[in-house]
Amino acid sequence: MDVPLIITAVSILIATSISFLSNMISALSQDDIDMFIENETPNARKLQKVWLKFDDTFNPFMVIETALYAIALFSFGLVFDMGNSNLLGIISGFLILIIITLSLKFIAYFIGIKLSKTAATKFVPFFELFYTVLSPLELLNEKMSQKVSGKNAEEFSREEITALFESAKDEGSLDDDEYRILKNIMNFSEVLVTDVMTPRTVMITLRASQTIAQVQDIAELSQYSRIPVWSDDHQEEEIIGYVLSKDVFLTALKGEPDKKVSSITRELNLINENTRLDKALEEFLRRKKHMFVVVDEYGGVEGLITMEDVLETILGVEIVDEGDKVADLRVLAKQQRDKRIERKNDL
């Protein structure tokens, strides 16, 4: 009789410990993981990998925990001689076991959540052990899910997702703005930089050798917050960077009219015209830049693209920079073309 009781007690204690670990990992957020990494906490990177693998739809901790509870109940049943034992005593024994188990589970739940923000990295070896032991079962679960669903992890096609958006819009779950943004996001990766860039033909630019006195009265400085700067080598035709309009005005106010534009020029990165817009967004975020020069396969300048161009593609609306008077240079290009046509017609 002692052996079944020992198996029952050990199974419940191990299951409670696993419940504690499961609640700890599930309580973590991205901010918590980032905090561990920023503080250079030991095992922070390993914890991040475990946290990213954690999936509520297939929780390996829950699998082991459930199996241990089943073993505990079975072992506890062996304690009683079912033929001779009092039925009321058997029922009472199982009720007490269930109450103890639930109490321990609640305690594990609250302690796991409380310690998740401070001590999660200390339990990384246990997390890794469970994932390693149950990796075959996890793989089996994935294969069975694919067989049942009849499709791979990609699941829905773009057309199916778009149809869901349209259905939600028709039912009133999505308003027009939400529908437009979601649909734009779906097509985001199909758009190239060349599709949304400002063409070279309408770029407002300065020369590196120009002085502040020569450029401070240019009308476009009050219209655009950033202006590209060409090198002085006319054969190279190379954009060396850009200036902020406010830097030009500040330099003029400091009484430095002879200062060269090149002295206040900031670095400007290049991007290929055939780059997908989602990749361009990644580059903007990675480099922490606001503007790129768009070049062709030979390195020739084709135009400019800004973060606003990317966001406008997602939102489907024009974004006006706080220092800009004209929302989009492409619109300005059309306006200038129309004016030239009008002047020719007048002649």
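Sequential numbering from 14 applies to the sequence shown in my numbering.
Where is the CB? At the ideal position from N, CA and C, for every residue including glycine.
For clarity, every value in this text was computed on a predicted model and none was experimentally measured.
Bridge partners for residue i per DSSP, in chain order?
{"i": "THR319", "result": "MET304"}
{"i": "TYR255", "result": "PRO241 and ARG279"}
{"i": "VAL314", "result": "VAL308"}
So the candidates are the options; which of them puts its Cα closest to the Cα of residue i?
{"i": "ILE277", "options": "VAL308, ARG239, ASN197 and ASN287", "result": "ARG239"}
{"i": "ILE217", "options": "LEU60, ALA28 and SER235", "result": "SER235"}
{"i": "LYS130", "options": "LYS302, LEU65 and ASN36", "result": "ASN36"}
{"i": "ASP44", "options": "ASP188, ALA57 and GLU295", "result": "ALA57"}
{"i": "VAL146", "options": "PHE107, PHE74, SER24 and PRO241", "result": "PHE74"}
{"i": "ALA221", "options": "ARG299, GLY254 and THR79", "result": "GLY254"}
{"i": "LEU81", "options": "THR207, LEU177, ALA28 and ASP188", "result": "ALA28"}
{"i": "ILE380", "options": "LEU328, ASN52, PRO138 and SER186", "result": "Limits of the chain in this structure are 14 at one end and 360 at the other, which puts residue 380 out of reach."}
{"i": "ASN197", "options": "ASP15, VAL323 and LYS292", "result": "VAL323"}
{"i": "GLY313", "options": "ILE284, ASP291, GLU141 and SER180", "result": "ILE284"}
{"i": "ILE225", "options": "GLY106, LEU142, ASP188 and THR264", "result": "THR264"}
{"i": "LEU41", "options": "VAL215, PRO17, ILE109 and LEU128", "result": "LEU128"}
{"i": "GLU78", "options": "HIS303, SER202 and PHE33", "result": "PHE33"}
{"i": "VAL63", "options": "THR134, PRO17, LEU110 and VAL16", "result": "THR134"}
{"i": "GLU310", "options": "SER148, HIS303, MET304 and THR207", "result": "THR207"}
{"i": "LEU110", "options": "GLY125, PHE123, ILE124 and ILE84", "result": "ILE84"}
{"i": "ALA121", "options": "ILE25, ILE174 and LYS259", "result": "ILE25"}
{"i": "LEU60", "options": "LEU142, LEU108 and SER186", "result": "LEU142"}
{"i": "THR54", "options": "LEU65, ALA132 and ILE174", "result": "ALA132"}
{"i": "ASP291", "options": "LEU205, MET304 and SER148", "result": "LEU205"}
{"i": "HIS303", "options": "PHE262, PRO241, ASP189 and ILE104", "result": "PRO241"}
Any heavy atom of the ligand ZN closer than 7 Å to the Cβ of residue i?
{"i": "GLY125", "result": "Absence of the ligand ZN is noted for the structure shown, with no ligands found whatsoever."}
For the putative contact between residue i and residue j, defined by C-beta atoms under 8 Å, what is the C-beta separation to the nearest angstrom?
{"i": "PHE67", "j": "ILE20", "result": "Not really, about 29 Å apart at Cβ, beyond 8 Å."}
{"i": "VAL209", "j": "THR326", "result": "6 Å"}
{"i": "LEU281", "j": "ILE318", "result": "LEU281 to ILE318, Cβ: 11 Å. No contact."}
{"i": "VAL274", "j": "GLN229", "result": "Going by Cβ atoms, the distance from VAL274 to GLN229 rounds to 10 Å, so no, they are not a contact pair."}
{"i": "ILE194", "j": "LEU328", "result": "6 Å"}
{"i": "PHE178", "j": "TYR192", "result": "6 Å"}
{"i": "GLY316", "j": "PRO149", "result": "GLY316 to PRO149, Cβ: 53 Å. No contact."}
Comparing the C-beta of residue i with each C-beta of chain B, is any distance below 8 Å?
{"i": "TRP243", "result": "No chain B appears in this structure, which consists of one protein chain only."}
For the segment 184-253, list the beta strand (DSSP E) runs that are entirely contained and at least 3 residues long, ordered along the chain. Counting whole runs of 3 or more residues, the segment 184-253 contains the beta strand (DSSP E) stretches 239-243.
Quick one: any contact between the segment 43-57 and the segment 113-123, if contact means 3 or more CB pairs under 8 Å? Proximity of the segment 43-57 to the segment 113-123 falls short of the contact definition, fewer than three beta-carbon pairs being nearer than 8 Å.
What beta strand (DSSP E) runs, 3 residues minimum, are completely inside the segment 271-305? You should have 282-285.
Take every Cβ of the segment 255-275, pair it with every Cβ of the segment 290-301, and state whether three or more of those distances are shorter than 8 Å. Verdict: no, contact absent.
In chain order, which alpha helix (DSSP H) runs of at least 4 residues are fully inside the segment 115-150? Runs of the alpha helix (DSSP H) inside the segment 115-150: 137-146.
Let me know the alpha helix (DSSP H) ranges lying completely inside the segment 33-72, each 4 residues or longer, listed in chain order. Listed in chain order, the complete alpha helix (DSSP H) runs (minimum 4 residues) inside the segment 33-72 are 43-51 and 57-66.
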